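Undergrad:
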């Protein structure tokens, strides 16, 4: 759809698409369908040769003398098709999830900071606006929220609604934990990291509890935030 | 997700019933020069932003400008739906936003050059009318204004 709008305006486009059924209906001018899960548009992370094969197949579509053209990329990537979600994982939750999330966060900090150092400062933490070194207060606030209280939090930006802030904080916490875990256990990837987060960490448990409280509220901004935190 | 037959029935129906603007044909503008001489622009629907820019919200139809020389450490993803696995993008920005791969293609002479600015939209839009009529064409105009010859689009 975006490809169509850009081409309508006068520029040739070539797009990677993940949902073939959508592409058949929408008809982007030149599209390469890839058989990879969402989140893996170029195939495999840290696999430049494979990514170049996908790129070359997409750029090849510019040779076409008409549109639409919808080509198939022939090779599968390595990621599992189904992403593990909280509800499915938590049935197997271990006793680790009953630990104090704020203490657990402190224990993971060394791994997280080493991950960031090893990746030229790159981190997906940063959406909430609260620096991770100041998250102890954030954790106490989230714990009180999960318990059903109505806590206040001094670092919450005044121009962001509470459900939105909690969603962004949850995204930051997940990124922090995933990066820490990938440093701690480089052999684990994809669903193994998700499985660990939802079954073995107090913060995974905390976020699932927050989502449960929000979902039970029947208040639209809360249920929408919950949908993005855990389901 | 690709290969709908591999998904749960609920997920499969969710994707099949996702609203789409249906068309019978496509617009077509030919690329009039070899790729090795063309300036390529990158546009993604991965919900990316420069660190410190305003995060996307659900159904956000605006776009973010990402200068093409932005270091990967200064790019964040605020499309954080739990419908996709973020570990891939955490590991490697190129999985959805192939900035390093495109630079390599310029070095190899496969493509001529890259635009000064890249652009990001939000993905999973349920009624992208504003993208179709306003913000999409606006990005096309911005790319044309800097002499871009062709656009490469990536999802997340």
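Protein chains in written order, with our numbering: chain E, 1 to 231; chain H, 1 to 156.
All residues carry an ideal CB built from backbone N, CA and C; glycine is no exception.
This one's a predicted model, so the numbers in the text were calculated from it and none came from an experiment.
1. How far does the beta strand (DSSP E) with residue 118 of chain H in it reach, from first residue to last?
2. Does DSSP classify residue 230 of chain E as helix, strand or coil?
3. Would residue 68 of chain E count as contacting chain H if we go by Cβ distances under 7 Å?
4. Taking the straight line between their C-alpha atoms, what separation do you get for residue 138 of chain E and residue 153 of chain E?
5. Where in the region 48 to 105 of chain H do unbroken runs of the alpha helix (DSSP H), each at least 4 residues long, occur, reported from the N-terminal end onward?
6. Along the region 207 to 219 of chain E, what residues have a CB closer than 9 Å to any CB found in chain H?
7. Starting from residue 232 of chain E, trace the alpha helix (DSSP H) in both directions and tell me its first and last residue.
8. When we look at the beta-carbon of residue 16 of chain H and count the other beta-carbons within 10 Å, is it buried (16 or more) or exposed?
9. Measuring alpha carbon to alpha carbon, tell me which residue in H:109, H:91, H:80, H:140 is nearest residue 65 of chain H.
10. So the candidates are E:196, E:18, E:6; which of them puts its Cα closest to the Cα of residue 26 of chain H?
11. Would you list the one or two residues that DSSP bridges to residue 114 of chain E?
12. Spatial neighbours of residue 188 of chain E within its chain, please: CB distance less than 8 Å, with the 5 preceding and 5 following residues excluded, ordered by chain position.
13. May I ask you to list, following chain order, the residues of the region 11 to 25 of chain E that have a beta carbon less than 8 Å from some beta carbon of chain H?
14. Just to confirm the assignment, what range does the beta strand (DSSP E) spanning residue 32 of chain E have?
15. Considering only the alpha carbon of each residue, which of E:171, E:127, E:149, E:144 lies closest to residue 157 of chain E?
16. When the Cα atoms are used, what is the spatial distance from residue 54 of chain H to residue 133 of chain E?
17. With H, G and I counted as helix, E and B as strand and the rest as coil, what does DSSP make of residue 1 of chain H?
18. Just to confirm the assignment, what range does the alpha helix (DSSP H) spanning residue 129 of chain E have?
19. Any beta-carbon of chain E closer than 7 Å to the one on residue 1 of chain H?
20. Taking just the CA atoms, how far does residue 167 of chain E sit from residue 1 of chain H?
TA: Taking the coordinates as given:
1. By one-based count along the second chain, residue 118 of chain H stands at place 118. Residues 117 to 120.
2. Position 230 of the first chain, counted from the start, is the residue given in the question as residue 230 of chain E. Assigned with DSSP and collapsed to three states, residue 230 of chain E falls in coil, not helix or strand.
3. Counted from its first residue, the first chain places residue 68 of chain E at position 68. For residue 68 of chain E, the answer is yes, since a Cβ of chain H falls inside 7 Å of its Cβ.
4. Walking along the first chain from the start, residue 138 of chain E turns up at place 138. Walking along the first chain from the start, residue 153 of chain E turns up at place 153. Whole-angstrom Cα-Cα distance: 7 Å.
5. 87 to 91
6. none
7. Residue 232 of chain E is absent from the model: chain E starts at 1 and stops at 231.
8. In the second chain, the residue the question calls residue 16 of chain H occupies position 16. The C-beta of residue 16 of chain H has fewer than 16 other C-beta atoms within 10 Å across all chains shown, which makes the residue exposed.
9. Working through the second chain from its first residue, we reach residue 65 of chain H at position 65. Comparing Cα-Cα distances from residue 65 of chain H to each of H:109, H:91, H:80, H:140, the minimum goes to H:140.
10. Position 26 of the second chain, counting from 1, holds the residue named residue 26 of chain H. Among E:196, E:18, E:6, the Cα nearest to that of residue 26 of chain H belongs to E:6.
11. Here residue 114 of chain E refers to the residue found at position 114 when the first chain is read from its first residue. Residue 114 of chain E is not bridged to any residue.
12. Start at 1 with the first residue of the first chain, and residue 188 of chain E comes out as number 188. Same-chain partners within the cutoff: 181, 182, 196.
13. Cβ contacts with chain H come from 11, 12, 13, 14, 15, 16, 17, 18, 19, 20, 21, 22, 25.
14. For the purposes of this step, residue 32 of chain E is taken as residue 32 along the first chain, with counting starting at 1. It spans 30 to 33 - the beta strand (DSSP E) in which residue 32 of chain E sits, taken as one unbroken run.
15. For this step, residue 157 of chain E is matched to residue 157 along the first chain. Residue 157 of chain E has its Cα closest to that of E:127, out of E:171, E:127, E:149, E:144.
16. The residue labelled residue 54 of chain H in the question sits at position 54 within the second chain. The residue labelled residue 133 of chain E in the question sits at position 133 within the first chain. For residue 54 of chain H and residue 133 of chain E, the distance between alpha carbons rounds to 22 Å.
17. Indexing the second chain from 1 puts residue 1 of chain H at position 1. At residue 1 of chain H, the pLDDT of 45 sits below 50, so the modelled position is not reliable; the number obtained from the coordinates is stated separately. The answer is coil: DSSP assigns residue 1 of chain H none of H, G, I, E or B.
18. Numbered from 1 along the first chain, position 129 holds the residue referred to as residue 129 of chain E. Premise fails: residue 129 of chain E is in no alpha helix (DSSP H) and is neither H nor E.
19. Here residue 1 of chain H refers to the residue found at position 1 when the second chain is read from its first residue. Low per-residue confidence applies at residue 1 of chain H: pLDDT is 45, beneath 50, and the placement is therefore not dependable, though the value from the model is reported in the following sentence. Chain E places a beta carbon closer than 7 Å to that of residue 1 of chain H, counting this residue as a contact.
20. Counted from its first residue, the second chain places residue 1 of chain H at position 1. Counted from its first residue, the first chain places residue 167 of chain E at position 167. Bear in mind that a pLDDT of 45 at residue 1 of chain H, under 50, signals an unreliable position, so the number given afterwards is only what the model happens to contain. Between residue 1 of chain H and residue 167 of chain E, the C-alpha separation is close to 24 Å.
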